[in-house]
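Have a look at the structure below, then the notes.
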Amino acid sequence: MDDIKDTIKHYILKEFLPGENPDDLLDSTPLITGGILDSIATLKVVAFIEERYSIELQAHEVDVDHLNTIADMADLISSKKQ
Amino acid sequence: MKAALTLPQLLTVSSEVAPEQMAIDEPTRGEITYGDLDILSDRLRDRLWAFGVRPGDRVGIYMRKSIDAVAAIFGIVKTGAAYVPVDPGAPAERNAYIFHNCEVKVVILETRLEAKVREELTSLGAMPRFLLLEGTGAGVPLRETLAREDALAPAPKVETAIPTPDDLAYILYTSGSTGKPKGVMLSHRNAISFVDWCSEAFTPHANDRFSSHAPLHFDLSILDLFVPIKHRATLVLVSEEVGKDPARLAPLIADKRISVWYSAPSILSLLAQYGNLERYDFSALHTVLFAGEVFPVKHLRALYALWPKPRYFNLYGPTETNVCTYYEVPTPIPADRTVPFPIGKVCSHLLAKVIDEHGTEVTDGSEGELCISGAGVMQGYWSLPEQSARSFLTDATEARWYKTGDIVTTDNEGHYLFVGRRDRMVKRRGYRVELGEIEAALYRHAMVKEAAVVALADAEAGVRIKAFLSCRDGKRLSLIEAKRFCAEHLPLYMVPDLFSFPESLPKTSTDKIDYQRLKEME
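Top to bottom, those sequences are chains A and B.
Heads up, the first sequence is in our numbering, so the first residue is 8 and it goes up one at a time.
Heads up, the second sequence is in our numbering, so the first residue is 798 and it goes up one at a time.
So this is what it looks like as structure tokens:
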């Protein structure tokens, strides 16, 4: 689970928060409602998750309820991998 | 049949002719016929009248796009008042400013949005009456609210108002350079002349099914709403969530047999890239309209490869005129074309001319500012007489020309080509963004000493917005904090893509921020 969080965190820092101190990005930092991920960035994160973990997200899962924080994303990925 | 001159007539005429025809389809929620939409908006008209709304007033709409919201629009215009739609996703502070600014008498809103906006309005010293809906969907919450109010005190039946063509129909707020949104005042004549031009240009039919992709506070919604209603066609509402998710949007367009699509180009680019369009049947789709920003040719070509059947039109125009020029994209698109297509020729209900910096018309195709005159041009900005006066040019014949701020040239066939802006406004995902409004928001952060925002051209996204912040006492904001602060004070489409934290900002010799040097800074 922590591996998943680290992987996503690393990806978001690299792609969308270049130069940010990694300690400022928490598992609970709101990403969509916090203005960090816009709709196109969200699609990129989804594409990354799907490829990295060989899972497919359902259309209704691509929303603020499932993807607003790193913790939300990790929960969603874990539930798919089982 | 006599041509309609005002918005309420569009609905009353269509519902008389075809009461059983389906007017609106709100996917997963329900549908409503012309007859029922007319009855529901009549009931709201009566309730608003009982609340004291009179011709010439303003009424706010603060809710998700839904059958309830469309019925609210017609209920409001049937009283002779103008409707003022706001973005339900924008900060309550910004929406309260709008309601206070144009002195709405009533706001029709969802209960979930009430507490915050009530607090903001109270602090502004304004308290319009609220008509509260427990959510939205298929018109059910609106019916429940009206029944609840009727049980307390029945609303007497009143006649639908017959506004004059110059009465206000709606006010659309757009980004303002001074940090506050400004209200574009549009009349029934403005709306009807545009709708009639759409009839002529696109010859819609009662069998058509129009998309409603744009939000109601965005001027694309005027075509979405009123063109199908005039032609007794069906309007398919696309929710905000589905509207930005190509994986859900593509099957919706196919399943709902949408025949006329209208949106900003950005979602069409996403559909071509991520929509798996080859999987679905789009045989109903015959017209694709896009407006609001430049459509990169690469993405338009990719879309055409997947959707070869429809005709494609590039529509251009600011909120102040709605669509004022248009261009039918010739297909197939040559593989070697890279420059964007023209914005085309002026619509038949308007006149256009290009002026140089002295206000003199240029006729040799050289660069100048595009100016528009005619029935579609706004009356002005709400309670901003000076800004309104500055935006118009009055010629020797007393005709009023709206200066678009867009620089154009003319090609050999007389089509206008968009070159750029005169000022600091940019288009992002079809929305107008005044860089000054973002700066004004950034200055409100306690740690920010100086803020400057620039727009950078970007091949992929069209434009990227970069903010430069110098902070007090040599500290710096974290990127996350900066973005979060913006998201709390601005609509999400205005949050900058990039931030930079220099110790101080470069200045010109007159001690103004040097934007040219900022654009060159890494």
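Backbone N, C-alpha and C define an ideal beta-carbon position, used for all residues, glycine too.
{"query": "With DSSP as the reference, identify every bridge partner of Lys1263 of chain B, one or two as the case may be.", "result": "B:Val1251, B:Leu1295"}
{"query": "Any idea what DSSP makes of Trp846 of chain B, helix, strand or coil?", "result": "helix"}
{"query": "If we count the other Cβ atoms within 10 Å of its Cβ and call it buried at 16 or more, is Thr1160 of chain B buried or exposed?", "result": "exposed"}
{"query": "Looking at Val981 of chain B and Glu1117 of chain B, is the spacing between their C-beta atoms short of 8 angstroms?", "result": "yes"}
{"query": "Along the chain, where does the beta strand (DSSP E) that runs through Trp1058 of chain B open and close?", "result": "1057-1060"}
{"query": "Let me confirm a value: Ser1301 of chain B is counted as buried when at least 16 other C-beta atoms fall within 10 Å, else exposed. Which label applies?", "result": "exposed"}
{"query": "Rounded C-beta distance between Ala1149 of chain B and Thr1122 of chain B? I'm assuming under 8 angstroms.", "result": "7 angstroms"}
{"query": "What does the alpha-carbon distance come out to for the pair Gly886 of chain B and Ala1284 of chain B?", "result": "10 angstroms"}
{"query": "Taking beta-carbon pairs under 8 angstroms, can you tell me which members of the region 33-53 of chain A lie near chain B?", "result": "Thr36, Pro37, Thr40, Gly41, Gly42, Ile43, Asp45, Ser46, Ile47, Leu50"}
{"query": "If the criterion is Cβ atoms closer than 8 angstroms, does the pair Asp1203 of chain B and Leu1167 of chain B meet it?", "result": "yes"}
{"query": "My assumption, with CB atoms under 8 angstroms, is that Glu941 of chain B sits in contact with Glu931 of chain B. Please give the rounded CB distance.", "result": "7 angstroms"}
{"query": "Along the beta strand (DSSP E) that carries Thr1122 of chain B, what are the first and last residues, could you check?", "result": "1122-1125"}
{"query": "Give the range of the beta strand (DSSP E) segment to which Asp1203 of chain B is assigned.", "result": "1197-1207"}
{"query": "Could you please tell me which residues of the region 1108-1121 of chain B, in chain order, have their CB closer than 8 angstroms to any CB of chain A?", "result": "none"}
{"query": "Are three or more beta carbon pairs between the region 950-963 of chain B and the region 921-938 of chain B nearer than 8 angstroms?", "result": "no"}
{"query": "Taking Asp835 of chain B as the reference, give the member of B:Gly857, B:Gly849, B:Ile873 with the closest Cα.", "result": "B:Ile873"}
{"query": "Can you pull the chain B residues whose beta carbon is under 9 angstroms from the beta carbon of Asp10 of chain A, in chain order?", "result": "Neighbours of Asp10 of chain A on chain B: none; closest Cβ ~22 angstroms, over 9 angstroms."}
{"query": "Helix, strand or coil: how does DSSP classify Gly832 of chain B here?", "result": "helix"}
{"query": "Does any residue of chain B bring its CB to less than 8 angstroms from the CB of Leu83 of chain A?", "result": "no"}
{"query": "With 8 angstroms set as the bound, which would you pick, yes or no: does the beta-carbon of Met798 of chain B sit closer than that to a beta-carbon of chain A?", "result": "Confidence at Met798 of chain B is low in this model, with a pLDDT of 47, below 50, so the placement of that residue should be treated as unreliable; the coordinate-derived value is given next. Chain A contact via Cβ: absent."}
{"query": "Per DSSP, which one or two residues make a beta bridge with Tyr1113 of chain B?", "result": "B:Thr1122"}
{"query": "Look at the alpha carbon of Asp82 of chain A and the alpha carbon of Ser1188 of chain B, and state the distance between them as a whole number of angstroms.", "result": "53 angstroms"}
{"query": "Pick from B:Pro852, B:Phe1282, B:Arg1261: whose alpha carbon is nearest that of Arg1241 of chain B?", "result": "B:Phe1282"}
{"query": "Assuming Cys995 of chain B is part of the beta strand (DSSP E), what are its boundary residues?", "result": "Where Cys995 of chain B is concerned, there is no enclosing beta strand (DSSP E), although the alpha helix (DSSP H) it sits in stretches over 985-999."}
{"query": "On a Cα-Cα basis, can you pick out the residue from B:Ile1277, B:Tyr970, B:Glu1247 that is closest to Phe1265 of chain B?", "result": "B:Glu1247"}
{"query": "Going straight from the alpha carbon of Glu1325 of chain B to that of Lys977 of chain B, what length do you get?", "result": "The structure shown does not extend to residue 1325 of chain B, since chain B is modelled only from 798 through 1319, so no value can be given for it."}
{"query": "Beta carbon of Ser984 of chain B, beta carbon of Ala966 of chain B: below 8 angstroms?", "result": "yes"}
{"query": "Using a Cβ-Cβ distance under 8 angstroms, would Ala66 of chain A count as near chain B?", "result": "yes"}
{"query": "Which same chain residues end up closer than 7 angstroms to Val1292 of chain B when comparing Cβ atoms and leaving out the 5 residues on each side of it in sequence?", "result": "Lys1280, Cys1283, Ala1284"}
{"query": "Using a Cβ-Cβ distance cut-off of 8 angstroms, determine whether Glu27 of chain A contacts chain B.", "result": "yes"}
{"query": "Which same chain residues end up closer than 8 angstroms to Pro1093 of chain B when comparing Cβ atoms and leaving out the 5 residues on each side of it in sequence?", "result": "Pro1062, Ser1066, Pro1137, Ala1256, Gly1259"}
{"query": "Would you give the residue range spanned by the beta strand (DSSP E) that Lys1106 of chain B belongs to?", "result": "Element bounds for Lys1106 of chain B: n/a, residue is neither H nor E."}
{"query": "Can you list, in chain order, the residues of its chain whose CB lies under 6 angstroms from that of Met798 of chain B, leaving out five sequence neighbours each side?", "result": "Bear in mind that a pLDDT of 47 at Met798 of chain B, under 50, signals an unreliable position, so the number given afterwards is only what the model happens to contain. Counting only Cβ-Cβ distances below 6 angstroms, and skipping sequence neighbours, we find nothing."}
{"query": "Residues bridged to Pro1075 of chain B by DSSP?", "result": "Sequence check: residue 1075 of chain B is Glu here, not Pro. Paired residue(s): none; Glu1075 of chain B is not in a bridge."}
{"query": "Measure how close the beta-carbons of Ala820 of chain B and Thr809 of chain B come, nearest whole angstrom, since I'm counting them as under 8 angstroms.", "result": "Contact flag wrong, Cβ pair sits at about 12 angstroms."}
{"query": "Of the residues A:Ile47, A:Gly26, A:Ile15, which one's Cα is nearest the Cα of Thr34 of chain A?", "result": "Note on identity: in this sequence residue 34 of chain A is Asp, with Thr being the wrong assignment. With distances taken between Cα atoms, Asp34 of chain A lies closest to A:Ile15."}
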